[in-house]
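In the working numbering, the protein residues as written are 1421 to 1522.
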């Protein structure tokens, strides 16, 4: 970079125009910087709200890693979850639950 040039975020490796949801891991990788404190609190609120719903369900589930947290274009959050009682490596057992603030 020459003098006087400012560093801009490069989204060239990530296509955002038609994306309706993206994993938290992919979002962080593409942005190449931490999320803001406000974004972190919003994400925590959305995740806690959905986890509360999941905890009231009949079966325990596992949410594993940043790839399992999906951020939607409208700000809602969903998880890719696996039933706790089955082999988490078996792709046939994956289920998706979506959340939003009602």
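Positions of the beta carbon are idealized from the N, C-alpha and C atoms, including for glycine.
Kindly indicate which three-state DSSP category residue i falls into: helix, strand or coil?
i	result
residue 1469	helix
residue 1456	coil
residue 1443	strand
residue 1488	helix
Excluding the 5 residues flanking residue i on each side, which residues of the same chain have their C-beta closer than 6 Å to its C-beta?
i	result
residue 1483	1499, 1501
residue 1445	1486, 1487
Using a 10 Å radius around the Cβ and a threshold of 16 neighbouring Cβ atoms, would you call residue i buried or exposed?
i	result
residue 1465	exposed
residue 1472	exposed
Output needed for residue i: all residues of its chain with C-beta closer than 7 Å, excluding positions within five of it in sequence on either side, in chain order.
i	result
residue 1459	none
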